[in-house]
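Chains as they are written, first to last, in the numbering used here: chain A, 225 to 558; chain B, 148 to 693; chain C, 11 to 355; chain D, 1405 to 2010.
To start, the structure itself, in structure tokens.
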Amino acid sequence: MTDSPQDDVILAEGAKAAPIEALKDKGPMAPPRSKWRDVWEQFRKHKGAMMGAFFLFFITFGVLIGPYLWTLDPQALDIRNKDMRPIYTAIWNSEADVGWNHPLGSDQLGRDNLSQLIAGGRASMAVGWAAMLLSLIIGTGVGVMAGFFKKLDGPLMRLTDLFLSLPILPLLLVAVTLFRQPLRANFGPEGGMFILIVTVVGITSWMPTARIVRGDVLALKEREFVLAARSIGTQPFKIIKRHLLPNVLSPIMVSATLGLATAIITESALSFLGVGFPSDFPTWGKMLADAVARMEDFPERVLLPGVAISLTVLGVNYLGDGLRDALDPRIRGR
Amino acid sequence: ERGEDGHVNIIYWQAPSIMTPYLSSGTKDIEASSLVLEPLGRYTETGELVPYLAEEIPTVENGGVSEDLKSITWKLKEGLLWSDGSPVTSADVKFTADYCMDPEGGCAQLAKFDHIASIDTPDDLTVVVNFDEAMPNPYGPFMGGQSPILQKAQFESCTGAAASTCTEANFNPIGTGPFVVDEFKPNDVISLSANPNYRDPAKPAFATATLKGGGDAEAAARAVLQTGEFDYAWNLQLAPDVLASMAEGGQGTPVSAFGTLVERLEMNMTDPSPDLPEGERSTVAHPHPILSDFNVRKALSMAIDRGLLTEIGYGQAGRPTCNLVPAPALYASDNEECLTQDLEGAKALLEEAGWTDSDGDGVREKDGMKLSLLYQTSTNAVRQDFQALIKDWWNQIGVETELRNVDSSVFFGGDPGSPDTFQKFYADVEMYANNFDGTDPQSYLQMYRCGNEPKPSSQWQGENINRFCNEEYDALLDELAKTGELSKRGEIAKQLNDIITKETMTIVPLVDRGRVSAHSNTLGGVVLNTWDSELWNAADWYRIDG
Amino acid sequence: MLTYAIRRLVLSVPTLLFISFVIFMLLQLAPGDPMAQVPLTVPPEVKQKMREALGVGEPALVQYWKWLVQVFWTEPKVFIDWLTRDSFLLGWLPDTNLYQGELRVISWQTRSPVMDIVLQRIPQTLWVVGLSYVVGVLIALPIGIYSAYRQYSVFDQAGTFVTMVGFSIPPFFTGPLLIVIFSVYLGWFPSIYDTTHVVNDWESFKYQLSQMIMPVMVLALQTTAQLSRYMRASMLDNLNQDYVRTARAKGLSEAVVVMVHVLRNSMIPVITVIALGVPAIFGGAIITENVFKVNGIGQLLITALFANDLPMVMTLTFIFAFLIVMFNLIADILYGLLDPRIRYD
Amino acid sequence: MLDNAIARIEKLRVEFETKDGTVAGVEDVSFDVGPGETVCIVGESGSGKSVSSLSLMRLIEFGGGEIANGRLIFDRKDGDELDLAKADQDLMRDIRGNEIGMIFQEPMTALNPVFTIERQLTEGLRVHRDMSKEQAQARALELMQQVRIPEPERRLKQYPHELSGGMRQRVVIAMALACKPRLLIADEPTTALDVTIQAEILALMDRLKRETGTAVMFITHDMAVVAQMADRVVVMFRGRKVEEGTVEEIFENPQHPYTKALLAAVPKLGEMKGKPLPEPMKLLGHEQDEIKPITGTDQPLLQVENLTTRFPVKGGFFRRTVANVHAVEDVSFTLNKGQTLSLVGESGCGKSTAGRSILRLVEPMRGRISLDGVDVMGLGPNMLRDERRQMQMIFQDPFASLNPQMQLADQVAEPMRNFGSHAGSEMMDRVEMLFDRVELPRSFMRRYPHELSGGQRQRIAIARALALNPKLIVADEAVSALDVSVQAQVVNLMMELQAELGLSYLFISHDMAVVERVSHNVGVMYLGRIVEIGPRAAVFENPQHPYTQALMKAVPVADPHRRKSEKDLNFKPIPSPIHPVGYEPEPNTYREVSPGHLVLTSDSGY
Ligand SMILES: Nc1ncnc2c1ncn2[C@@H]1O[C@H](COP(=O)(O)OP(=O)(O)OP(=O)(O)O)[C@@H](O)[C@H]1O
Ligand SMILES: Nc1ncnc2c1ncn2[C@@H]1O[C@H](COP(=O)(O)OP(=O)(O)OP(=O)(O)O)[C@@H](O)[C@H]1O
Ligand SMILES: [Mg+2]
Ligand SMILES: [Mg+2]
Ligand code: NI
């Protein structure tokens, strides 16, 4: 970037060009680009991130569009075709019970694995995203408030400590038993459980984000541009909106990617302990937990959801890595 | 020879938390304590009574039970010793009753000691139990794993409120059984060794035993059937295909037996509509708008393929049944009409009864009332499979079904404040399993007496879950209570069973659930017993060489 | 520093009281009933009797107060008695006999003092969960260090991938998978942990190792995944610092530069992260303990929860909260000790 | 070219692999360093000074660079010549710290924070000299004495953060000298330090060089320092060497246009002698511009009386205030419309706090501030916000004072948005006007700060400050972080604006030469107090307070003929500004030397 056309002028022998050229600012020569274009340029260079984004996109797209392409009802019982194997098993085992009506096989009640996988993905992704967003909103809110308003710092951080020392699992189970019924009454069995899990996971996982954001805000607050903003009369909430939030975006992104993964995994752990979604409502975690018993005979039933979870988590993490780099103007600027 | 076979490993996936059945009614605790504590008599695998500490089982015939059925006289075997070497006397037996009947103690087996007026101990080996009314079945106290004999000397200071502070005694009770506790780790593992003072000098064959608890049924099954780490695994509630594939491991064998546990649908005869004011929902004040119609209940039952349910949910540990009282043979009705699924018949029946699908949405209506039901049960994998299947069938006959499952601790928790207990029955149909202790169904059948329903005035306590009310039924119950003769009792019980099942379809039995346990191929002498503790004959277990 | 520590300690008392109150009230709200596991054959009157015997009917505040007295007054007395009577450390002191048979915190399930059971469970948990933590840390640190030193190398990329996979696979899957492979097919390790096993010779030690290896590995995988990320990030931060250049300019070898100068600085945040993770050891690893039947604290908690054993759940969660608060404090103090720049006053 | 040169750099080319491909850090650079000679390398930021020196140490590899071409001939102790560019890292380790020592720019970060000074000093000795622990410790003590650190025994046991910046830099020098290297590379060793400390460090290095005969390669961007230190000078520009010569040649007869421009941009202390009013600098290429002194007016704009700001220090068990940092203590001054008042002083003397207190960005404890008749201290939050239209601030760090995530036009428009003074296209017009005003192309409006150079950013900051037409601008070290050439441009711009718009500046700086250039009045601060204040000419030409005198002596002058010697300098360490609660210093009293020239007579702590 040091080579710009003027250099040669200055260094040219005799230096006939106006001497002031030597002191001229080295301005950026490329035409201005939009910030998001820049972000994208930087992002594209990160191979892992591109791959992560691709997988995530593929999976998200799959679970969203899937039900229209593969219209079998995931809850429909087809007891005559139970325990079918995925179509590919026919390659090495010609006796395997396979069929195109259930390309990935069916479970012990004859429910189609493929449509369950799609429906489960919808649920898991929805839980993951919603819980992640919730915890992000709480975490960022608390973190920014605590970092920015000195008076709130003490109380909010005590609150964070309190939540950190609350044992999550009992709380979770208590909440599930407590609020399941009223929520179900209002939002239906799946909707109620969804809200419950999302809320519980959300409100029990915002603390790290809050701490990180608070730390960053405290540091940013000392940066001169925040002081400058104050000196030009920017109101506190505008400072937060214009100056602080955009600058804590990258740590938030990182928490977000981790949050999505933990939410999906927490949901599956809840399912494993038997307090998750209703039994006829598939999620990846539940499929995995249910299939562990038949792992030897029907490995695909654990592998399919297991791989789906892992790929999502991996994808999200790599995506997060890339986003962090892309969103940091210092890295992007280089 | 006592102790020659070394060590036996038992796994219970629910870990025992205490060693006396009086402070816990959990099966795991009752069974664990049956290795140490013994009653006067037990039930065999066929439901017959055999004497354990008693010389013989008292009956009217042998004079042990008085003619008026108001007293029973037990005679202890001679020369019985506690594991600490002191003799077993009638005082211990009487003490056991006093211990449980102490109002402060919170005894879990209090029901066994119902109607006891007094207990006399004319001599060291004789115990006379006097009841305050005629007891056609006087074998409540001191019979079976639930009411074994405690040593008076050990528990003397543990009565009433002090019961729960006697940790040492509760964990390490002195007993007469084949084993004594070496170390009790609550909710984890119990180490036992052979009782040196066991009455049969050749038994038990094992010198030591461990009873490991915790985990899940699947892991327990694996440890016996696949890895061979354990010799006996209790109550393997697993999907049949899973169990079958594990059994291919070749290390052990699953065994099964049937008792009286019946998985059933209960029809709500009262209106659970949330539109009713609280306190009137699911009370006899409002009959159910749909289920009051016998034809609907009948059609619902006809739509169910019990054979398939059994195959999917229980495999060899279940058999389809139409009876509330499936056993013992004396009391079991021969009703089998429901066993074949008849979807067409069900549809026709509904059609006939005026439930027709007039608007073509697949759901039948009558008088503007949609045939739509809320079907609830506790959270449990097999029950949810059942729900899914039954919902499917009911949909086929034009009955809209909403499923709901409630955490079992809430569902069975009995908290009057919770709307989700099975007693409150804020649903149209619910599914659970129940059974009766011992072999006599009288008290079981009595649950469905008119007036015994859970209601606000009784804090929603009461066992007549369906809010069933039938004069004929109540009259038969009165007769049963007065009848001592067994064959006569059997007749009446069958009639009662038929009234509540096939004649009114109030209770729709689905599956007679047996027990599946597994033992390793090297463990001999296992006789699975559903009428008593599974470990009832642990003294007879031995090692098969090979 | 001392003032700071004392101040924090004193401040933690109201915090803990508040936490215990919150937990207690939450548990009170839960609709579960300790009688839920009781078979349906037991008549309601009997259940009611049993409930009364457990003291369930009393008002919540009274129960809370009783619990407080038991935990903060009776239990310490029992503990001091035990110290002066049986313990190796203080056994020579005259027996104190402070405990006069007051009611201790009694579990509803087992009718025995909660603390006794907890003490009984701690060894298993420490052995397995604690060891896995140690193993995890020992694996994670070198991986983190090397990944950072060779950033974007094949090793780094592979490490990232493996740790992410480790992070995303739940233990209820890895556990049974290992059991099927190593216990069922290969028959190398037992699938069920024997908590009564006593190590007294080489053979029994080998057995202990073989029964610990699977749960330890399953747990260590997760610890490793997270810690190595921390270590890597922290190393990367420090590798770019000026003092590293100074150290190199002095002519120190790479080993000294990285393993002494950089590592020492990078360890400061990592050690506090490690310290913050310690309470989780005592909390057990619920799912893993369940899968391998290591009946430790985690299994105790979950069974108590499902049995609605309120005193047990309450006490366990409180102990857990206590440990978290204490280790937070320890982490802060460690930070101050390790980093000479930080001074608390 | 000297045959016996210690180090000879020939045609050095260093490349960096970046995301945009290969970038050359330096290209075709050749020069050499003879024994006992000080070679200064000058050039602005990014011109490749550090890269050249790091290449010589072969440390550039650790920063991702690669020596693509050229030879680095080093004359080893035993007489062999060695091409360092080809030496392997094991051999390099032996040379580094042993035969070549290096001092880095940032004393704050160059030391490992978790090891004691002693440990870090002895490390190199034990590696290169095989000394035992005791021997190394003895030698370390000796070194500490050599670099004149007070209480060396105690310092050895301390951690870096317990030392002041000057002391830390001495430790770094001691470390570099530990093994008596033949060549000492100093990469901007004084840039981060105060003038007074800088003077001491420069003198120290000069003495050590003379005592030990070490060759020194001295890197700096400050021509005044070059004039003080160099025997020979190498001028670098954008990765290339553009000129080389003895220090006199360079200063008196620069050849290359860049060198000329550079020298023209350097403000020299004493240049303004005899001129009562500030005037813009004459920059190369702007010769035709008329230079007009700035008169300003006599109407007072800002009156500050008895301004006192203290920061509480909390401590103890109950977190009560146990002491106060007396950052600003009883400060009074008047600033006239259209004029500039400068505050100078060492780091930590309370300059920034004074500036911020006036805008009430930190809350003063007491005092009276009146801006154009408005009592700033008495304003409520809303009124205060309104009043801030009248007073704006420019900060030191152009990188930190702009939000990296916001477009430049938005940043300039933000004050107008806040106050709704302009809206829509009117606002955009004004933003364009402001860009023109600070001589930035309008095409920059949609850019982000990271795309700009430091000087451009500082101009954005000025544009932002101008947006609301303020009367007062507090410029807190507004030009300190900039390269000289850029600094000159920004200073000129500020002065132009003052002349045109009648702005008043409160100019905070530690750079005496710049202050001399821009101020009408100067206040010298020490430990929160103004020890001397008055018209610039009076204070600079006739300093009365001993502190002012010492300060003036310490300032290096960009003239090789006016070198300072170590004995001129005597500085006492600044006492702590922290006093226990309840401590009330006596009020400041001043003596009027000449009209408007006041000197503190009460105790200043100096
Ligand atoms: N690690 C690196 N990666 C890429 N480019 C680099 C790196 N280090 C230096 N450069 C480039 O090399 C050129 C010379 O940098 P160098 O650090 O030598 O400048 P300098 O003259 O020391 O500046 P300063 O006065 O700011 O210290 C710059 O253009 C810089 O961008
Ligand atoms: N927010 C604060 N809290 C506590 N003390 C502070 C605070 N800000 C400044 N100080 C202290 O007040 C004193 C004066 O600081 P100030 O920043 O005004 O100095 P300065 O002259 O601007 O120094 P520099 O040249 O380094 O910018 C210093 O001792 C500093 O440590
Ligand atoms: Mg540099
Ligand atoms: Mg400052
Ligand atoms: Ni400078």
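Just so you know, even glycine gets a beta-carbon here, dropped at the ideal spot from N, CA and C.
Quiz item: Counting only beta-carbon atoms, is Arg558(A) nearer than 8 Å to chain C?
Solution: By one-based count along the first sequence, residue 558(A) stands at place 334. The pLDDT assigned to Arg558(A) is 42, lower than 50, so where the model puts this residue is not dependable; a value taken from the coordinates is nonetheless given after this. No, no contact with chain C.
Exercise. Could you tell me if the beta carbon of Ser2008(D) falls within a distance shorter than 7 Å of some heavy atom in ligand 2?
Key: Within the fourth sequence, the letter at position 604 stands for residue 2008(D). For ligand 2, not one heavy atom lies less than 7 Å from the Cβ of Ser2008(D).
Practice problem: Give the straight-line distance between the Cα atoms of His368(B) and Leu682(B), rounded to the nearest whole angstrom. | Solution: By one-based count along the second sequence, residue 368(B) stands at place 221. By one-based count along the second sequence, residue 682(B) stands at place 535. For the sequence presented, residue 368(B) should be read as Ala rather than His. Their Cα atoms are separated by approximately 17 Å.
Quiz item: Which of helix, strand or coil does DSSP assign to Asp645(B)?
Solution: Sequence index remark: in the second sequence, residue 645(B) carries index 498 (1-based). Residue state, collapsed to three classes: helix.
Quiz prompt | Asn319(B) beta carbon less than 8 Å from that of Phe302(B) | solution = By one-based count along the second sequence, residue 302(B) stands at place 155. By one-based count along the second sequence, residue 319(B) stands at place 172. Against a cut-off of 8 Å, the Cβ pair of Asn319(B) and Phe302(B) comes out as no contact.
Self-check item: Close beta carbons around Phe1655(D), own chain, < 6 Å, minus the five adjacent residues each side
Solution: Stepping through the fourth sequence from its first residue, residue 1655(D) is reached at position 251. Pro1964.
Exercise. Could you list the residues in the segment 521–535 of chain A with a C-beta less than 7 Å from some C-beta on chain C, going in chain order?
Key: Val526, Gly530, Ile533 and Ser534
Quiz item: How about Met431(A): is its C-beta nearer than 8 Å to some C-beta of chain C?
Solution: On the first sequence, position 207 is the one that residue 431(A) refers to. Chain C places no beta carbon closer than 8 Å to that of Met431(A), leaving this residue out of the contacts.
Quiz prompt | Per DSSP, the bridge partner or partners of Ala1727(D) | solution = Residue 1727(D) sits at position 323 when you count from the first residue of the fourth sequence. Beta-bridge pairing links Ala1727(D) to Val1717(D) and Pro1984(D).
Quiz item: Are the C-beta atoms of Ser1805(D) and some chain A residue less than 8 Å apart?
Solution: In the fourth sequence, the residue the question calls residue 1805(D) occupies position 401. Ser1805(D) counts as touching chain A.
Quiz item: Pick out every residue whose C-beta is nearer than 5 Å to a heavy atom of ligand 1: which are they, in chain order?
Solution: Thr226(A), Phe1420(D), Gly1429(D), Ser1449(D), Gly1450(D), Ser1451(D), Gly1452(D), Lys1453(D), Ser1454(D), Val1455(D), Gly1467(D) and Gly1468(D)
Quiz prompt | Where Gly1570(D) falls: helix, strand or coil (DSSP) | solution = Here residue 1570(D) is taken as the residue at index 166 of the fourth sequence, counted from 1. Here Gly1570(D) carries a helix assignment [DSSP, helix/strand/coil].
Quiz item: If we ignore side chains and look at the alpha-carbon of each, how far apart do Trp670(B) and Leu407(A) end up?
Solution: Within the second sequence, the letter at position 523 stands for residue 670(B). Within the first sequence, the letter at position 183 stands for residue 407(A). This sequence places Leu at residue 670(B); Trp is not what is there. Going from the Cα of Leu670(B) to the Cα of Leu407(A) covers about 51 Å.
Practice problem: Taking C-beta pairs closer than 9 Å, name the residues in chain C that Asn541(A) reaches, listed in chain order. | Solution: Taking the first sequence and counting its residues from 1, one reaches residue 541(A) at position 317. Neighbours of Asn541(A) on chain C, chain order: Thr170, Met174, Phe177 and Ser178.
Quiz item: Going by the C-beta, is Ala1879(D) closer than 7 Å to any heavy atom of ligand 2?
Solution: On the fourth sequence, residue 1879(D) is found 475 positions in, with the first residue counted as 1. Ala1879(D): no, Cβ never under 7 Å from ligand 2.
Exercise. Could you work out which residues of chain B lie near Ala343(A), taking near to mean beta carbons separated by less than 9 Å?
Key: Here residue 343(A) corresponds to residue number 119 of the first sequence, with the count starting at 1. By Cβ distance, chain B contributes nothing, its closest Cβ being about 14 Å from Ala343(A), past 9 Å.
Exercise. Take the Cβ of Lys1453(D) as the centre, count every other Cβ of all protein chains shown within 10 Å, and call the residue buried at 16 or more, exposed below.
Key: For this step, residue 1453(D) is matched to residue 49 along the fourth sequence. Looking at its Cβ environment, which holds 16 or more other Cβ atoms inside 10 Å, Lys1453(D) is buried.
Practice problem: Return no unless some Cβ of chain A is closer than 8 Å to the Cβ of Met1512(D). | Solution: As a working note, residue 1512(D) is residue 108 in the fourth sequence. No, its Cβ sits nowhere closer than 8 Å to a Cβ of chain A.
Quiz item: Under a CB-based cut-off of 8 Å, is Ile303(A) close to chain B?
Solution: Here residue 303(A) refers to the residue found at position 79 when the first sequence is read from its first residue. Yes, Ile303(A) lies at the interface with chain B (some Cβ there is under 8 Å from its Cβ).
Quiz item: Looking only at its own chain, which residues have a Cβ that is under 7 Å from the Cβ of Ile362(A), when we skip the five neighbours before and after it?
Solution: Indexing the first sequence from 1 puts residue 362(A) at position 138. Same-chain partners within the cutoff: Gly426, Ile427 and Trp430.
Quiz item: Does the segment 1660–1671 of chain D touch the segment 1611–1628 of chain D, meaning 3 or more C-beta pairs lie closer than 8 Å?
Solution: Verdict: yes, contact present.
Exercise. List in chain order: all unbroken alpha helix (DSSP H) runs of 4+ residues lying wholly within the segment 1653–1681 of chain D.
Key: 1661–1669
Quiz item: So is the beta-carbon of Ala1731(D) under 7 Å away from any non-hydrogen atom of ligand 2?
Solution: Indexing the fourth sequence from 1 puts residue 1731(D) at position 327. For ligand 2, at least one heavy atom lies less than 7 Å from the Cβ of Ala1731(D).
Quiz item: Residues bridged to Thr325(C) by DSSP?
Solution: Start at 1 with the first residue of the third sequence, and residue 325(C) comes out as number 315. None; Thr325(C) has no bridge partner.
Practice problem: Would you mind working out which of Thr1624(D), Pro1658(D), Gly1474(D) and Pro1808(D) sits nearest Thr1442(D), comparing C-alpha positions? | Solution: To locate residue 1442(D), count along the fourth sequence from 1; it is residue 38. Of Thr1624(D), Pro1658(D), Gly1474(D) and Pro1808(D), the residue nearest in Cα terms is Thr1624(D).
Quiz item: Since Arg274(C) meets chain B, which of its residues come closer than 9 Å, beta carbon to beta carbon?
Solution: Mapped onto the third sequence, residue 274(C) falls at position 264. Near Arg274(C) there are no residues of chain B at all, since even the closest Cβ is about 43 Å away, more than 9 Å.
Exercise. Give the secondary structure of Gly1501(D) by DSSP, where H, G and I count as helix, E and B as strand, and everything else as coil.
Key: Here residue 1501(D) refers to the residue found at position 97 of the fourth sequence. Per DSSP, reduced to three states, the secondary structure at Gly1501(D) is coil, with no helix or strand assignment.
Self-check item: Bounding residues of the alpha helix (DSSP H) (the contiguous stretch that carries Leu1547(D))
Solution: Indexing the fourth sequence from 1 puts residue 1547(D) at position 143. Under the DSSP assignment, Leu1547(D) falls in the alpha helix (DSSP H) whose first and last residues are Lys1537 to Gln1550.
Quiz item: Taking the alpha helix (DSSP H) that Thr220(B) falls in, what are its first and last residues?
Solution: Start at 1 with the first residue of the second sequence, and residue 220(B) comes out as number 73. Taken as a continuous stretch (DSSP letters only), Thr220(B) belongs to no alpha helix (DSSP H), being part of the beta strand (DSSP E) at Ser218 to Lys222.
Exercise. Write down every uninterrupted run of the alpha helix (DSSP H) in the segment 263–324 of chain A whose length is 4 residues or greater and which is fully enclosed by it, in chain order.
Key: The DSSP assignment places complete alpha helix (DSSP H) segments of no fewer than 4 residues inside the segment 263–324 of chain A at 271–293, in order along the chain.
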